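A.B. asks: The structure that follows is given in the form of structure tokens.
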Amino acid sequence: MSTITPAKRGSGTRRSTRRVEPIYYLFLLPSLALFTLAITVPGIIGIFFSFTNSIGIGDWDFTGFTNYIAIFSDPAILQSYLFTFGFSVVTVIVVNVIAFLLAVALNARIRMKSALRTIFVIPMVVSGIIIAYVFNFLFSNSLPAAGAAAGIPWLETSLLANPDLAWVAIVIVTAWQAVPGSLLIYIAGLVSIPSDVYEAAEIDGAGKLQQLIKITVPLVAGYVVINVILGFKGFLNAYDIIVGLTNGGPGTSTRSIAMTVITGFNNGDYAYQMANATIFFVVAILISLLQLSLTRGRNAL
Amino acid sequence: MPVPGGAAFGPHDERTTVSVKLTRTKRLAGLGLGLSLLAGLLSGCAGGDGTETIRFTFSKREAIPFMTKLVNEYNASQDDTRVVLDTSGVDVVSASFVRGNPPDIALANYNMETSRFVERGALSDLSDTDAASRVREDLQPLMDQYGSYPGRTSALPYSIMASSVIYNKEIFAAHGIEVPKTWSELIAACDKLKAAGVTPFYATWKDDWTIGQGWFDYSVGGELDTIDFFKKLSEEGADVGPVSAVSFQKDFGQSVGKMLKLAKTYVNKDAASRAYGDGNLAFAQGKAAMYLQGPWAFSEIAKTAPDLKLGTFPLPMTDNPEDLKVRVNVDLAAWIPEGSKHKDAARKFLEHLYKPEIIEAYNKSQLGFTPTKDAAVNPDPRVEGMAGYYEKGQVYQGPSVLVPKTIPIFNYTQAVVFGADPATTLRTLDADWARLAFRQ
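Going line by line, the protein sequences match chains L and Z.
Counting along the first sequence from 1, when you hit position 141 you're at 146 in this note's numbering, and nothing is skipped either side.
Counting along the second sequence from 1, when you hit position 387 you're at 396 in this note's numbering, and nothing is skipped either side.
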């Protein structure tokens with residue numbers, strides 16, 4: 006659970022200069038073979054086809070960079086990038102704030118702590134598409150019915166039918182599912198903080214809020230980085246919850262990148278969406294490099 | 010859940026020295042194990058016993074019970090072939106082509122989607138089947154509108170659907186309304202219904218396809234010659250835009266405007282959050298006078314209200330009754346992929362499907378029109394209102410099915426109904442069309 010200390014890092018660099026025992030390469034082989042066959046080879050084939058006009062089957066021709074040129078003038082694809090990044094940033098913030106506060110609460114001396122923890126973790130084990138369909142029903146039927154009964158006009162129309170606000174519904178549902186994962190990591194982080202620092206702070210006269218801001222937050226900072234990276238990565242690939250909730254609608258306002266890529270398989274746009282996927286791949290690599298360089302030095306993954 | 014840090018293996022430098030002498034044979038054994046695991050993963054499905062199993066794709070929701078029964082009867086009647094019904098849907102089928110594992114036979118909606126398989130030669134020739142010789146020749150233009158592959162009959166029509174406005178005869182009679190034959194009569198009828206507190210149209214805008222196939226197609230198709238428009242549009246190709254001879258923004262604007270007039274004034278208040286299933290239920294309960302759906306909705310409505318008196322009429326979009334037309338589509342076409350490994354068994358099953366008693370029973374049950382020469386005319390009173398137009402050829406194919414599926418036309422029509430500027434959306438449609446032509 007502890008973060009890596011400089012001392013251990015030092016031993017790691019020393020180790021790498023020695024001759025590596027061949028048996029480790031053998032251990033590596035099965036997963037390397039599977040990874041190559043299941044990910045690298047299809048990936049390269051996909052990039053190859055992004056320079057053709059293939060629809061995934063039958064005859065095709067090389068078209069050079071035509072697909073890439075078309076993508077940069079395609080509002081649907083540009084909008085999907087905008088939506089996905091905006092949605093990811095908002096969701097990461099929402100998820101981490103809620104998960105952190107929940108973790109602090111669930112780590113305090115409260116009644117039925119373990120029962121409550123169990124309840125809060127349940128959303129994590131339910132499949133995203135099922136959650137999405139249940140919430141879809143709630144947003145489309147239950148909430149408007151409640152709004153009509155209570156006489157609140159803005160609640161009477163479904164959130165999902167509003168092109169400007171449908172993304173809010175997606176953030177809510179995604180956060181509902183993603184909070185438990187972050188929560189667990191935060192709880193682990195909070196548990197690892199030794200109690201003597203709190204005692205010392207108390208003796209020095211720090212209030213509860215000061216303790217939270219000046220001790221808890223800095224000491225779990227590493228976990229915040231982890232949660233933000235893992236969360237952001239997951240939200241960029243958003244697919245199932247959006248399909249179940251809005252299916253990209255109303256109009257084209259909530260189509261994520263993953264959704265537009267998959268339409269390539271479903272709607273005969275294989276090569277074009279492979280080009281899109283290639284661009285997304287490059288973007289993802291750039292983000293990873295950025296995140297790695299930001300987090301290097303401390304809290305390395 | 011990955012946990013941060015953790016010098017997982019600790020100082021293992023000492024441990025490794027133990028196994029320096031791990032013999033070469035053991036290493037080879039490990040390699041062999043890895044490879045055999047891999048082989049097991051890759052070999053996938055293996056052959057079976059004497060019976061040949063074919064995968065039959067059929068995903069028309071309303072008719073799945075009918076087809077399940079038919080397949081079970083076929084399986085019980087002979088021992089050579091076992092047909093497995095696959096109802097997993099259109100998208101899965103398309104992806105299965107890409108993966109090189111298409112179904113052995115399909116009865117599927119015939120649209121631009123299938124057109125790609127036809128044009129790139131992914132479907133096998135059916136011209137020498139008995140079924141092909143019994144299909145009405147005058148239906149060929151409907152099939153050809155989606156392209157063809159030289160020298161092949163790639164698909165055979167199985168069920169033709171005509172669709173138009175479904176209306177509740179009881180409500181129309183109660184308010185003394187005749188079936189409208191012109192745009193002004195339609196507006197007058199709507200106003201009369203609205204004044205009497207009856208919702209004229211039940212709309213289900215949550216499902217974008219219901220806007221595309223109903224509201225959009227009936228409006229545009231009722232006013233515009235779609236065959237001619239799309240022919241010219243294809244000729245324009247990448248030049249489609251504000252200055253081209255035909256374009257969505259130029260030719261669709263008027264019809265879309267009329268559609269919006271109906272959509273904004275005469276629908277149920279909660280249309281935006283209602284889906285297709287809600288619409289069928291509400292219409293069956295008499296909550297509106299008219300419903301822009303195809304005949305497939307009848308069987309769903311009948312589940313709630315089996316005795317409801319329903320009829321159909323083409324949506325009048327002009328003030329000339331001569332312009333009335335009904336929307337038709339090849340609701341089901343049969344095809345056998347070139348990539349199927351069980352073509353003979355699939356063909357045998359195809360002939361079974363086209364037996365007069367089966368194809369006619371199917372179309373009767375789904376209120377479709379049977380496309381074979383010897384078929385009896387569909388007698389159901391609910392589609393009577395369209396039969397005359399269908400026989401006289403006053404038909405059109407909806408624009409939403411003639412636009413390649415890679416352009417999200419359903420989403421666009423939904424956006425317009427939800428308040429997006431129609432002119433901007435139609436310009437986007439033009440740009441999408443031009444971009445598609447540019448890269449394909």
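Beta carbons are placed, not taken as given, at the ideal position from N, Cα and C, and that holds for glycine.
Note that the structure is predicted; figures quoted are calculated from it, not measured.
I'd like to know if Pro251 (chain Z) contacts chain L, where contact means its C-beta is closer than 8 Å to some C-beta of that chain.
C.D. replies: Numbered from its first residue, the second sequence carries residue 251 (chain Z) at position 242. It does not: the Cβ of Pro251 (chain Z) has no partner Cβ on chain L nearer than 8 Å.
A.B. asks: Measuring CB to CB, does Ile136 (chain L) end up less than 8 Å from Pro128 (chain L)?
C.D. replies: For the purposes of this step, residue 136 (chain L) is taken as the residue at position 131 of the first sequence. For the purposes of this step, residue 128 (chain L) is taken as the residue at position 123 of the first sequence. Closer than 8 Å, so yes.
A.B. asks: For Ile220 (chain L), return the contacting residues in chain Z, with the cut-off set at a CB-CB distance below 9 Å.
C.D. replies: Against the first sequence, residue 220 (chain L) aligns to sequence position 215. None at all; the shortest Cβ gap to chain Z is about 19 Å.
A.B. asks: Between the Cα of Phe210 (chain Z) and those of Z:Gly295, Z:Trp442 and Z:Trp218, spot the shortest distance and give me the residue it belongs to.
C.D. replies: Along the second sequence, read from residue 1 onward, the residue named residue 210 (chain Z) stands at position 201. Residue Z:Gly295 is the option with its Cα nearest to Phe210 (chain Z).
A.B. asks: Check the Cβ of Thr123 (chain L) against every Cβ in chain Z and list those closer than 7 Å, keeping chain order.
C.D. replies: Working through the first sequence from its first residue, we reach residue 123 (chain L) at position 118. Within 7 Å Cβ-Cβ: nothing; Thr123 (chain L) doesn't reach chain Z, min ~16 Å.
A.B. asks: Select from L:Phe237, L:Ala211, L:Ile50 and L:Gln215 the residue whose C-alpha is nearest the C-alpha of Arg108 (chain Z).
C.D. replies: As a first step, residue 108 (chain Z) is located in the second sequence; it is residue number 99 there, counting from the start. Measuring from the Cα of Arg108 (chain Z), the nearest candidate turns out to be L:Ile50.
A.B. asks: Name, please, each residue of chain L whose Cβ falls closer than 9 Å to the Cβ of Ser68 (chain Z).
C.D. replies: Indexing the second sequence from 1 puts residue 68 (chain Z) at position 59. Those do not exist, as Ser68 (chain Z) stays about 13 Å from chain L at its closest Cβ, beyond 9 Å.
A.B. asks: Which residue comes first and which comes last in the alpha helix (DSSP H) that contains Ser200 (chain L)?
C.D. replies: Translated into positions along the first sequence, residue 200 (chain L) becomes position 195. Ser200 to Ile208 is the span of the alpha helix (DSSP H), which, as asked, contains Ser200 (chain L).
A.B. asks: Expressed to the nearest angstrom, what Euclidean distance is found between the alpha-carbon atoms of Ala276 (chain L) and Ile52 (chain L)?
C.D. replies: Counting from 1 along the first sequence, the entry for residue 276 (chain L) is found at position 271. Counting from 1 along the first sequence, the entry for residue 52 (chain L) is found at position 47. Going by the C-alpha atoms only, they are around 9 Å apart.
A.B. asks: Determine whether the Cβ of Pro417 (chain Z) lies closer than 8 Å to any Cβ atom of chain L.
C.D. replies: Residue 417 (chain Z) sits at position 408 when you count from the first residue of the second sequence. Yes, Pro417 (chain Z) lies at the interface with chain L (some Cβ there is under 8 Å from its Cβ).
A.B. asks: Residues in its own chain within less than 7 Å of Thr138 (chain Z) by CB, not counting five upstream and five downstream?
C.D. replies: The sequence position of residue 138 (chain Z) within the second sequence is 129, counting from 1. If we look at Thr138 (chain Z) and ignore the five residues flanking it on each side, its Cβ neighbours are Arg356, Leu359 and Glu360.
A.B. asks: Taking the alpha carbon of Arg7 (chain Z) as the point to measure from, which residue in Z:Ile416, Z:Thr90 and Z:Lys312 has its own alpha carbon closest?
C.D. replies: Nothing can be reported for residue 7 (chain Z), as the shown portion of chain Z is limited to 10 through 449.
A.B. asks: So Thr257 (chain L) and Gln278 (chain L) are supposed to be a Cβ contact under 8 Å. How far apart are they, rounded?
C.D. replies: In the first sequence, counting from the first residue as 1, residue 257 (chain L) sits at position 252. In the first sequence, counting from the first residue as 1, residue 278 (chain L) sits at position 273. Contact flag wrong, Cβ pair sits at about 15 Å.
A.B. asks: Pull up the CB-CB distance for Thr300 (chain L) and Phe88 (chain L), whole angstroms please, since I reckon it's below 8 Å.
C.D. replies: By 1-based counting over the first sequence, the position of residue 300 (chain L) is 295. By 1-based counting over the first sequence, the position of residue 88 (chain L) is 83. With 8 Å as the limit, Thr300 (chain L) and Phe88 (chain L) do not qualify as a contact, their Cβ atoms being about 26 Å apart.
A.B. asks: Is any beta-carbon of chain Z found at less than 8 Å from that of Leu33 (chain L)?
C.D. replies: Taking the first sequence and counting its residues from 1, the one referred to as residue 33 (chain L) is at position 28. No, no contact with chain Z.
A.B. asks: Is the segment 81-100 of chain L close to the segment 181-197 of chain L, with three or more CB pairs under 8 Å?
C.D. replies: They touch, by the three-pair rule.
A.B. asks: Whose Cβ in chain Z lies nearer than 9 Å to the Cβ of Ala81 (chain L)?
C.D. replies: Stepping through the first sequence from its first residue, residue 81 (chain L) is reached at position 76. The contacting residues are Ile416, Pro417, Asn420, Thr437 and Asp441.
A.B. asks: Pro149 (chain L) CB to nearest chain Z CB: under 8 Å?
C.D. replies: Position 144 of the first sequence, counted from the first residue, corresponds to residue 149 (chain L). Closer than 8 Å: yes.
A.B. asks: Starting from Ser9 (chain Z), follow its DSSP beta bridges and name the residues at the other end.
C.D. replies: As shown, chain Z starts at 10 and ends at 449. That puts residue 9 (chain Z) outside it, with no answer to give.
A.B. asks: Can you look up Leu47 (chain Z) in the DSSP assignment and give me helix, strand or coil?
C.D. replies: As a working mapping, residue 47 (chain Z) is identified with position 38 in the second sequence. Legend: pLDDT at Leu47 (chain Z) = 49, less than 50; position of this residue unreliable, no value from coordinates given.
A.B. asks: Starting from Phe270 (chain L), find everything on chain Z with Cβ-Cβ shorter than 7 Å and list it in chain order.
C.D. replies: As a first step, residue 270 (chain L) must be located in the first sequence, where it is residue number 265. Those within 7 Å of Phe270 (chain L) in chain Z are Ser103, Ala104 and Val107.
A.B. asks: Could you please give me the residues that DSSP links to Met268 (chain Z) through a beta bridge?
C.D. replies: Within the second sequence, residue 268 (chain Z) is the residue found at index 259, counting from 1. Beta-bridge pairing links Met268 (chain Z) to no other residue.
A.B. asks: Taking the CB atoms as reference points, tell me whether Ala174 (chain L) and Leu294 (chain L) lie closer together than 8 Å.
C.D. replies: Within the first sequence, the letter at position 169 stands for residue 174 (chain L). Within the first sequence, the letter at position 289 stands for residue 294 (chain L). Not in contact: Ala174 (chain L) and Leu294 (chain L) (Cβ atoms no closer than 8 Å).
A.B. asks: Start and end of the alpha helix (DSSP H) containing Gln84 (chain L)?
C.D. replies: Start at 1 with the first residue of the first sequence, and residue 84 (chain L) comes out as number 79. Taken as a continuous stretch (DSSP letters only), the alpha helix (DSSP H) holding Gln84 (chain L) covers Pro80 to Asn112.
A.B. asks: Just to check my reading of the structure: Pro408 (chain Z) and Phe225 (chain Z) have Cβ atoms closer than 8 Å, yes? What is that Cβ distance to the nearest angstrom?
C.D. replies: Within the second sequence, numbered from 1, the residue matching residue 408 (chain Z) stands at position 399. Within the second sequence, numbered from 1, the residue matching residue 225 (chain Z) stands at position 216. Right, the Cβ-Cβ distance comes to about 7 Å (below 8 Å), so this counts as a contact.
A.B. asks: Tell whether a beta-carbon distance below 8 Å holds between Pro352 (chain Z) and Ser163 (chain Z).
C.D. replies: Position 343 of the second sequence, counted from the first residue, corresponds to residue 352 (chain Z). Position 154 of the second sequence, counted from the first residue, corresponds to residue 163 (chain Z). For the record, residue 352 (chain Z) in the displayed sequence is Lys; it is not Pro. No, they are not a contact pair.
A.B. asks: Assess contact between the segment 198-208 of chain L and the segment 279-291 of chain L, defined as three or more Cβ pairs (one per stretch) separated by less than 8 Å. Is contact present?
C.D. replies: The segment 198-208 of chain L vs the segment 279-291 of chain L: no contact.
A.B. asks: When DSSP builds the beta bridges, which residues end up paired with Asn177 (chain Z)?
C.D. replies: To locate residue 177 (chain Z), count along the second sequence from 1; it is residue 168. Paired residues: Z:Leu319.
A.B. asks: Take the Cβ of Gln222 (chain Z) as the centre, count every other Cβ of all protein chains shown within 10 Å, and call the residue buried at 16 or more, exposed below.
C.D. replies: If you number the second sequence from 1, residue 222 (chain Z) lands on position 213. Counting Cβ neighbours within 10 Å, Gln222 (chain Z) comes out buried, since at least 16 surround it.
A.B. asks: Does the CB of Asp209 (chain L) have a neighbour CB from chain Z at under 8 Å?
C.D. replies: For the purposes of this step, residue 209 (chain L) is taken as the residue at position 204 of the first sequence. Taking Cβ atoms only, chain Z never reaches closer than 8 Å to Asp209 (chain L), which makes this a no.
A.B. asks: Ile236 (chain Z) to Ala182 (chain Z), Cα distance in whole Å?
C.D. replies: Here residue 236 (chain Z) is taken as the residue at index 227 of the second sequence, counted from 1. Here residue 182 (chain Z) is taken as the residue at index 173 of the second sequence, counted from 1. Roughly 36 Å between the two C-alpha positions.
A.B. asks: Listed in chain order, which residues of the segment 52-78 of chain L have Cβ atoms closer than 7 Å to some Cβ of chain Z?
C.D. replies: Residues passing the 7 Å Cβ filter: Asn58, Ile60, Gly61, Ile62, Gly63, Asp64, Thr68, Thr71, Asn72, Ala75 and Ser78.
A.B. asks: How many Å lie between Glu400 (chain Z) and Ala85 (chain Z) at the Cα?
C.D. replies: Against the second sequence, residue 400 (chain Z) aligns to sequence position 391. Against the second sequence, residue 85 (chain Z) aligns to sequence position 76. Distance between the alpha carbons of Glu400 (chain Z) and Ala85 (chain Z): 38 Å.
A.B. asks: So with Cβ pairs under 8 Å, would you call Asp274 (chain L) a contact of chain Z?
C.D. replies: Translated into positions along the first sequence, residue 274 (chain L) becomes position 269. Chain Z, which has a Cβ nearer than 8 Å to the Cβ of Asp274 (chain L), makes this yes.
A.B. asks: For a test of your reading of the model: does the CB of Arg436 (chain Z) fall under 7 Å from any non-hydrogen atom of the ligand ZN? Yes or no.
C.D. replies: The ligand content of the structure shown is nil, which means the ligand ZN is not present either.
A.B. asks: Of the residues Z:Gly160, Z:Asp147, Z:Val80 and Z:Gly246, which one's Cα is nearest the Cα of Ala446 (chain Z)?
C.D. replies: Along the second sequence, one-based indexing puts residue 446 (chain Z) at 437. Answer by Cα proximity: Z:Gly246.
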